[in-house]
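Visitor: Supplied in structure tokens, the structure appears directly below.
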Amino acid sequence: MGKLSNKERMKIPRQNMPEQEGEVRSHNFNEVNLGFTEELAVMEAERCIQCPKPTCVEGCPVGVKIGEFISLVTERKFVEAAAKIKEDNMLPAICGRVCPQEEQCEAKCVVGKKNEAVGIGRLERFVADYEREKLGLRKPELKTKTGKKVAIVGSGPAGLSCAADLIQMGHNVTVFEALHELGGVLVYGIPQFRLPKEIVKTEIDVLKELGVEFKPNAVIGFTDTLDELLQDGYDAAFIAVGAGLPYFLNIDGENLNGVYSSNEFLTRVNLMKAYKFPEFDTPVFNVKDKNVAVFGGGNTAMDAVRTSRRLGAKNAYIIYRRSEVELPARKEEVHHAKQEGIEFILLSNPTKFIGDKDGWLRGVEVQKMELGEPDASGRRRPIPIKDSEYVIDIDMAVIAIGNGSNPIIQKTTPDLNFNKWGNILINEETMETSKKGVFAGGDIVTGGATVILAMGAGRKAAKAIDNYLNVSVNVNWGDVCRC
Amino acid sequence: MHKIILAKFLASNIKKFEIEAPKIAQKRKAGQFVIIRIKEGGERIPLTIADSDIEKGTVTIIVQGIGKTTMELNSLNTGDSILDVVGPLGKPSHIEKFGTAVSIGGGVGTAIAYPTAVALKQAGNETISIIGGRTKEFVILEDEMKKVCDEVYPTTDDGSYGYHGFVTQKLKDLIDSGKKIDFVLAIGPIPMMKAVADVTRPYGIQTFVSLNPVMVDGTGMCGGCRATVDNKTVFVCVDGPEFDAHKVDFETLARRNRTYVIFEKEAVDHFCNIDKEFQNGLNKNNPAFAG
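Same order as they appear, the protein sequences are chains A and B.
In this text, residue positions in the first sequence follow the working numbering: the first is 1, and each later residue adds one.
In this text, residue positions in the second sequence follow the working numbering: the first is 1001, and each later residue adds one.
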């Protein structure tokens, strides 16, 4: 394609990413989106007008040089484009799939003001996949070893991105993971059909090749305490354990058989592969031809309801107390859920679960809501409508209303400061906690957020830890001189 | 991988394993558990640590083969390996000098009561244990208990050994004989633990039980192990596993433990020939069956 004027570029429509048909994919766990072809990618990249002041970059929590990588795509330099992204984001194949681009980079896209925004996420995904499939992942250069050791607690997005940066800075890095698989929420939480586990595994394999040591089955606090790690010769630690304590609704009947937290339901299906039972040993409630309700309106709720659909649910409902515009899930996820036949029961709030005499879930009573004035979150507050309760027949329920902080680190690390919700308090500039040499980031600091924010925190922490270690190197040098 | 240093049957379907896990051996306290996964694709199951040997770097678990994973585990022998062993998890038993402390074990529950009996003795308590089984074969760890208890009472349901009757009857006899009992720990099948709670309640004897719900991660992340204690929801893996027996809702615990009964049958079918006794024990009212 020759050189286009901005006017011509603005005329190119946003390119659709091929995907599995709704009816087909609601019966399998294969990835929904199939990704751009080279032609579609180049066409989409041509839509970028290469703004002199690229506002899209401001929208990216890790500051990926978006215009530069897109320009490389127009030149069909796909591998170089991937390398350009990796200057700022080590996990583009993951972020290209799960970032809420429509609220970040794409929300700030200048083209998007008049037209539809450039599909930055789709392009990121395309180049990352292209590099992986065509070349295999390439190892970046490592700096000379510093001899310093850093312990990272948690192998989710914050821990992995911190490990990636620290190993490149020349430090020795050990990542501790409580579960038997690495990847945290990327493997136990986000389903295969949205983020294939093979992609996460490949990204982790690169880190292994770079020399990052991974210790699964290590529950820090129990297997070793944080203090023991520091006494064991780690010069610094980064706590990135995520938000791993499921909230429940605290209504009657919540302990009936068939009521799950989203964490449990998704962990059984994704991590333990219950959808392949009995080939895999872990079971999950048999929803075949039954009714499932998922409570909540975020991405996790969409993941859970779409998973139940794939397991054979006859009716799969999202029950949410506000209206569609307030749904916190990505628009794409809501759209995909609808295509897969998910029914949205909005402005409805559960008041109690109803069981049979043997204690199995049979229904949920919900109360209708209306929207009032905006609340602290800026969204219109749902107000119950009196005497509007009615019962929906369901056999399985999944509670997906968010996660609090897992208390294990808090209970076993007395000199670490937390807020009243159990989030670790940090200096936001330096990512330092109240404990010397201990840094923290991701959901354990912010409460439940997104993969990219956690990755951003991991990278910021890596810089801060590098600074801290370099300063402490100097201090040691001084000690040596005095001898 | 964790090598099995010793595997030995204590009864026809109860097997003792000493497994290499040096760090856990060093750190574990009475009442804590491990989560194990035998192999790739396996389930994660919680098992209470019965004992440990710091020098050998092993933890001891005692397993009754009742589901697919426990049956598969019991088919392993000395020299075999287990893929994952995570721990020590859960809160240690609450140990103090109560005075006279009775540890009650029903069947394989004796293996879980044993480490706490050891800790109760070390804390200076007068220790008594009542260890029950359906028949003589299922009365386990009697010699071990004798080493740490001032009095040990084996009981059998069929009278084939020791006291003829349930552990609760023996406990009631002890109380009625005027023995001052300050603390009771009961571990075994849910109906047994509930019955012990009912015996001690009128006397106001502090009583603890160790709960055995279905777990996945064992770190508080999934909430699958939630139980009702004192009308509040608890996560057994991090808030327990031991709780005040007089406050536990045993019906809810028993009911939630039936969630996967139908799958257990399928898993066992998949694994081996069906154990007839196991099949007969299935809950025929399970609606998942109809699905």
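Idealized CB from N, CA, C, for every residue including glycine.
1. Report the residue from A:GLN50, A:LYS11, A:LEU72 whose alpha carbon sits nearest the alpha carbon of LYS114 of chain A.
2. Since GLU1260 of chain B meets chain A, which of its residues come closer than 8 Å, beta carbon to beta carbon?
3. Can you give the Cα-Cα distance for ILE491 of chain A and ILE318 of chain A, rounded to whole angstroms?
4. Quick check: ALA461 of chain A and PHE439 of chain A, are their CB atoms within less than 8 Å of each other?
5. Mind checking who GLY1218 of chain B pairs with in its DSSP beta bridge?
6. Just how far apart, CA to CA, sit ILE383 of chain A and TYR320 of chain A?
7. Between the C-alpha atoms of VAL73 of chain A and ASN28 of chain A, what's the straight-line distance to the nearest angstrom?
8. So, GLY96 of chain A versus ALA117 of chain A, is the Cβ gap smaller than 8 Å?
9. State the Cα-Cα distance for the pair ARG1028 of chain B and GLU1055 of chain B, rounded to the nearest angstrom.
10. Assess, as a yes-or-no matter, whether the segment 406-413 of chain A is touched by the segment 251-270 of chain A under the definition of 3 or more beta carbon pairs within less than 8 Å.
11. Alpha carbons only, please: which of B:ILE1128, B:GLY1042, B:GLU1040 is nearest the one belonging to LYS1179 of chain B?
12. Where HIS180 of chain A and ASN217 of chain A are concerned, what is the direct C-alpha to C-alpha distance, given to the nearest angstrom?
13. Taking C-alpha atoms, which residue in A:ILE452, A:GLU106, A:ASP289 lies nearest to CYS99 of chain A?
14. Do the CB positions of ILE204 of chain A and ILE94 of chain A come within less than 8 Å of each other?
15. Would you grab the beta carbon distance between ALA1227 of chain B and THR1207 of chain B for me? Rounded to a whole angstrom, and I think it's under 8 Å.
16. Alpha helix (DSSP H) containing GLU1055 of chain B: first to last residue?
17. Counting contacts by CB-CB distance shorter than 8 Å, is PRO1241 of chain B in contact with chain A?
18. Find out if the Cβ-Cβ distance for the pair ALA316 of chain A, ARG309 of chain A is shorter than 8 Å.
19. Note down, in chain order, every chain A residue with its Cβ under 8 Å from the Cβ of VAL1184 of chain B.
20. PHE265 of chain A: which of A:ILE424, A:ARG122, A:TYR188, A:THR351 sits nearest, CA to CA?
21. Just to confirm, are LEU1120 of chain B and ILE1035 of chain B a CB contact at a threshold of 8 Å?
22. Interface residues of chain B around GLY359 of chain A at Cβ under 7 Å?
23. Show which residues of chain B have a CB atom less than 7 Å away from the CB atom of ALA304 of chain A.
24. Check whether the Cβ atoms of ILE444 of chain A and PRO246 of chain A sit closer than 8 Å, and answer yes or no.
25. Just the Cα atoms here: how many angstroms apart are GLN1064 of chain B and ASN1074 of chain B?
26. Which residues does DSSP list as the beta-bridge partners of ALA1011 of chain B?
27. Using a Cβ-Cβ distance cut-off of 8 Å, determine whether ASP479 of chain A contacts chain B.
28. Would you list, in chain order, the members of the segment 384-407 of chain A that have their beta-carbon closer than 9 Å to a beta-carbon of chain B?
29. Measuring only between beta-carbons, confirm whether LEU327 of chain A sits less than 8 Å from chain B.
30. For THR1200 of chain B, tell me which candidate among B:VAL1102, B:LEU1211, B:LYS1008, B:PRO1092 has the shortest Cα-Cα distance.
31. State the start and end residues of the unbroken beta strand (DSSP E) segment that holds PHE1243 of chain B.
32. So with CB distances below 7 Å, who are the chain A contacts of ARG1134 of chain B?
33. Between the segment 421-438 of chain A and the segment 331-344 of chain A, do three or more beta carbon pairs fall short of 8 Å?
34. Please classify SER5 of chain A as buried or exposed, where buried requires at least 16 neighbouring CB atoms within 10 angstroms.
35. Inspect the beta-carbon positions of VAL1268 of chain B and LYS1068 of chain B and report whether they are closer than 8 Å.
36. Mapping DSSP to helix, strand and coil, what is ALA454 of chain A?
Guide: According to the structure shown:
1. Between LYS114 of chain A and the set A:GLN50, A:LYS11, A:LEU72, the nearest pair of CA atoms involves A:LYS11.
2. The sequence as given places Tyr at residue 1260 of chain B; Glu does not occur at that position. Under the 8 Å cutoff, chain A gives PRO283.
3. With chain A covering only 1 through 483, there is no way to say anything about residue 491 of chain A.
4. For ALA461 of chain A and PHE439 of chain A, yes; Cβs fall inside 8 Å.
5. Beta-bridge partners assigned by DSSP to GLY1218 of chain B: none are found.
6. Rounded to the nearest angstrom, the two C-alpha atoms are 13 Å apart.
7. When rounded, the distance between both Cα atoms is 32 Å.
8. In this structure, GLY96 of chain A keeps its C-beta atom at 8 Å or more from the C-beta atom of ALA117 of chain A.
9. Rounded to whole angstroms, ARG1028 of chain B to GLU1055 of chain B spans 14 Å at the Cα level.
10. Segment contact: the segment 251-270 of chain A against the segment 406-413 of chain A, fewer than three CB-CB distances shorter than 8 Å; contact not assigned.
11. With distances taken between Cα atoms, LYS1179 of chain B lies closest to B:ILE1128.
12. Taking the straight line joining both Cα atoms gives about 5 Å.
13. Looking at the Cα atoms, A:ILE452 is the closest of the given residues.
14. Against a cut-off of 8 Å, the Cβ pair of ILE94 of chain A and ILE204 of chain A comes out as no contact.
15. Not a contact, Cβ separation roughly 16 Å.
16. Here GLU1055 of chain B belongs to no alpha helix (DSSP H), and DSSP marks it neither H nor E.
17. Judged by the 8 Å Cβ criterion, PRO1241 of chain B is not in contact with chain A.
18. Yes, the pair counts as a contact, with Cβ atoms nearer than the cut-off.
19. Chain A residues near VAL1184 of chain B: none, gap ~26 Å exceeds 8 Å.
20. Between PHE265 of chain A and the set A:ILE424, A:ARG122, A:TYR188, A:THR351, the nearest pair of CA atoms involves A:TYR188.
21. It is not a contact, given that the beta carbons lie outside the stated cut-off.
22. For GLY359 of chain A, the C-beta contacts it makes with chain B under 7 Å involve ARG1255, in order along the chain.
23. Chain B residues near ALA304 of chain A: none, gap ~13 Å exceeds 7 Å.
24. Not a contact, by the Cβ cut-off of 8 Å.
25. Their backbone Cα atoms lie some 8 Å apart in a straight line.
26. According to DSSP, ALA1011 of chain B shares a beta bridge with B:ILE1014.
27. Residue placement at ASP479 of chain A is poorly supported in this model, since its pLDDT is 38, which falls under 50; the coordinates are not used for a value here.
28. The segment 384-407 of chain A vs chain B, Cβ under 9 Å: ASP395, ILE399, ASN403, ASN406, PRO407.
29. Chain B has no Cβ within less than 8 Å of the Cβ of LEU327 of chain A.
30. For THR1200 of chain B, the nearest C-alpha among the options comes from B:VAL1102.
31. It spans 1242-1244 - the beta strand (DSSP E) in which PHE1243 of chain B sits, taken as one unbroken run.
32. Ordered by position in chain A, no residue passes the 7 Å Cβ test against ARG1134 of chain B, which lies about 26 Å from the chain.
33. Counting Cβ pairs under 8 Å, fewer than three are found: no touch.
34. So SER5 of chain A counts as exposed.
35. In contact: VAL1268 of chain B and LYS1068 of chain B (Cβ atoms closer than 8 Å).
36. Annotated three-state conformation of ALA454 of chain A is helix, per DSSP.
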